[in-house]
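Undergrad:
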Amino acid sequence: MLKIATWNVNSIRKRIDQLCSFVTEDEIDIIMLQEIKCTNEQFPYEQIEQLGYKCIVHGEKARNGVAILSKYPVIEDSLSTSIVDNEEARYLECLIECNGFNLRVASVYVPNGQSIDSEAFKYKLHFFDCLYQRLHDLFGKEEITIVGGDYNVAPNKIDVHDDYANEDKIGFNIDERGKLFAILHSGYCDAFRITNPESKEFSWWDYREGSWQQNKGMRIDHILLSPEATDRLEKCYINNKMRAKENPSDHAPVVCVLEESINYSLK
DNA sequence: ATGGTGGCTGGGCCA
Numbered sequence: 001m002l003k004i005a006t007w008n009v010n011s012i013r014k015r016i017d018q019l020c021s022f023v024t025e026d027e028i029d030i031i032m033l034q035e036i037k038c039t040n041e042q043f044p045y046e047q048i049e050q051l052g053y054k055c056i057v058h059g060e061k062a063r064n065g066v067a068i069l070s071k072y073p074v075i076e077d078s079l080s081t082s083i084v085d086n087e088e089a090r091y092l093e094c095l096i097e098c099n100g101f102n103l104r105v106a107s108v109y110v111p112n113g114q115s116i117d118s119e120a121f122k123y124k125l126h127f128f129d130c131l132y133q134r135l136h137d138l139f140g141k142e143e144i145t146i147v148g149g150d151y152n153v154a155p156n157k158i159d160v161h162d163d164y165a166n167e168d169k170i171g172f173n174i175d176e177r178g179k180l181f182a183i184l185h186s187g188y189c190d191a192f193r194i195t196n197p198e199s200k201e202f203s204w205w206d207y208r209e210g211s212w213q214q215n216k217g218m219r220i221d222h223i224l225l226s227p228e229a230t231d232r233l234e235k236c237y238i239n240n241k242m243r244a245k246e247n248p249s250d251h252a253p254v255v256c257v258l259e260e261s262i263n264y265s266l267k
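Written as structure tokens, this is what we have:
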């Protein structure tokens, strides 16, 4: 069994103790992190390595920043840390060797987009185009590809609270949903939705307006799987206990469980 | 209610 998680921590330095208890209690093998909000130098390597994880970090000062932590050996790192032609730390990819087969793992932090009529929204759509291109290029390269992250898009009505299922709302506009659908159509699977077809669950709740208390959230954090990974998918869950803690991230971790005792080679 | 809270910082910007 292989447990793989994604979590937007909203500052790794603020959340380091919660991260350590989460990966220990949920027995996480690999985790993709977003919004670490620190430089590579500021990253708390020591505390995480003590738990047996290798750290691959692509940070920047004060904002954004992605990382991948793995209990299994990382055989290639710093792959394609820039899928968009700018300096923002929003994408990181590596290759992990796991009991004789390779996993290509990516951590992605899609721009929020601010509002539908903003320049930031155009950038969000452009980022999605670049992400699509990268994931399209990866398709079939390794059998097992896992792309976890904060996509800042809820795929369908069931993924947002009732007040929010509106074209004007950022994260639910048809153009950005279309970009996510295009990635799914290219062959990747939404691990949570395929294992929980009817569940109205969220992965993010605004800090403001009592959103958590009223359960007014959105499911915007996703684990996308290549077909050979999807075949091995046992379950996927959102650990919203992490959102209920004191000083939480505004996001909850998403976890998928893969069966690993399978010959992954198609040849 | 054009607000609200939280994290970067060290005054706003971003989410």
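Positions 1 to 267 (UniProt numbering) are the ones given, in order, by the first sequence. Here a beta-carbon is modelled for each residue, glycine too, at the ideal position from N, C-alpha and C.
State yes or no: is the C-beta of G93 within less than 9 Å of the C-beta of L125?
TA: For the purposes of this step, residue 93 is taken as the residue at position 93 of the first sequence. For the purposes of this step, residue 125 is taken as the residue at position 125 of the first sequence. According to the sequence shown, residue 93 is Glu rather than Gly. For E93 and L125, no; Cβs fall outside 9 Å.
Undergrad: Go ahead and label K61 buried or exposed: buried means 16 or more other beta carbons lie within 10 angstroms of its beta carbon, across all protein chains shown.
TA: Walking along the first sequence from the start, residue 61 turns up at place 61. Classification of K61: exposed, given that the 10 Å Cβ count is below 16.
Undergrad: Could you check where the alpha helix (DSSP H) with A120 kicks off and where it finishes?
TA: The residue you call residue 120 lines up with position 120 of the first sequence. It spans 119 to 138 - the alpha helix (DSSP H) in which A120 sits, taken as one unbroken run.
Undergrad: May I ask you to report which of helix, strand or coil DSSP gives A244?
TA: What you label residue 244 is simply residue 244 of the first sequence in a count that begins at 1. Helix, per DSSP.
Undergrad: Which partner residues does R104 have in the DSSP bridge list?
TA: Stepping through the first sequence from its first residue, residue 104 is reached at position 104. Answer is L95, T145, bridged to R104.
Undergrad: For M242, tell me which candidate among T6, G100, F101 has the shortest Cα-Cα distance.
TA: Locating residue 242 in the first sequence gives position 242, counting from the first residue. When each option's Cα is compared against that of M242, the closest is T6.
Undergrad: Identify the residues that DSSP records as bridge partners of L76: which are they?
TA: Numbered from its first residue, the first sequence carries residue 76 at position 76. The amino acid at residue 76 is misidentified as Leu; the sequence shows Glu. L95.
Undergrad: Is the beta carbon of S80 sitting closer than 9 Å to the one on Y91?
TA: Position 80 of the first sequence, counted from the start, is the residue given in the question as residue 80. Position 91 of the first sequence, counted from the start, is the residue given in the question as residue 91. Closer than 9 Å, so yes.
Undergrad: Below 9 Å between beta carbons: does that hold for L69 and V108?
TA: On the first sequence, residue 69 is found 69 positions in, with the first residue counted as 1. On the first sequence, residue 108 is found 108 positions in, with the first residue counted as 1. In this structure, V108 does not lie closer than 9 Å to L69 by Cβ.
Undergrad: Threshold first: 4 residues or longer. Then list the alpha helix (DSSP H) segments lying entirely within the region 159 to 191, N to C.
TA: The region 159 to 191 contains these whole alpha helix (DSSP H) runs: 174 to 185.
Undergrad: Which residues in the same chain have their Cβ closer than 7 Å to the Cβ of K200, if we skip the five residues on either side of it in sequence?
TA: Here residue 200 is taken as the residue at index 200 of the first sequence, counted from 1. Once the five neighbours on either side are set aside, the close Cβ partners of K200 are I158.
Undergrad: Per DSSP, what kind of secondary structure is Y151 in: helix, strand or coil?
TA: As a first step, residue 151 is located in the first sequence; it is residue number 151 there, counting from the start. It is coil, neither helix nor strand.
Undergrad: Just checking my contact of Y132 with K179 at CB under 8 Å: how many whole Å lie between their CB atoms?
TA: Residue mapping note: residue 132 aligns to position 132 of the first sequence, counting from 1. Residue mapping note: residue 179 aligns to position 179 of the first sequence, counting from 1. Sure, about 7 Å apart at Cβ, within 8 Å.
Undergrad: Name the two residues that bound the continuous beta strand (DSSP E) containing C20.
TA: Translated into positions along the first sequence, residue 20 becomes position 20. Unbroken run through C20 is the alpha helix (DSSP H), 12 to 25; no beta strand (DSSP E).
Undergrad: Among all the DSSP beta bridges, which residues are the ones paired with Y237?
TA: Working through the first sequence from its first residue, we reach residue 237 at position 237. Looking at the DSSP assignment, Y237 forms a beta bridge with V255.
Undergrad: What number of angstroms, rounded off, separates the C-alpha of Q34 from the C-alpha of V9?
TA: Along the first sequence, read from residue 1 onward, the residue named residue 34 stands at position 34. Along the first sequence, read from residue 1 onward, the residue named residue 9 stands at position 9. Going by the C-alpha atoms only, they are around 6 Å apart.
Undergrad: Would you say the region 162 to 175 touches the region 242 to 261, given that touching needs at least three Cβ pairs under 8 Å?
TA: No: fewer than three Cβ pairs fall under 8 Å.
Undergrad: According to DSSP, is Y109 helix, strand or coil?
TA: Counting from one through the first sequence, the residue named residue 109 turns up at place 109. Strand at Y109.
Undergrad: Does S249 pass the burial test, meaning 16 or more other C-beta atoms within 10 Å, or should it be called exposed?
TA: Position 249 of the first sequence holds residue 249. Result: buried.
Undergrad: Measuring only the C-alpha atoms, how far is S98 from E234?
TA: Position 98 of the first sequence holds residue 98. Position 234 of the first sequence holds residue 234. According to the sequence as given, residue 98 is Cys; it is not Ser. Looking at the two C-alpha atoms, the distance is approximately 17 Å.
Undergrad: What separation, rounded to the nearest whole angstrom, lies between the Cα atoms of D162 and N156?
TA: Locating residue 162 in the first sequence gives position 162, where the first residue counts as 1. Locating residue 156 in the first sequence gives position 156, where the first residue counts as 1. Computed Cα separation, rounded: 11 Å.
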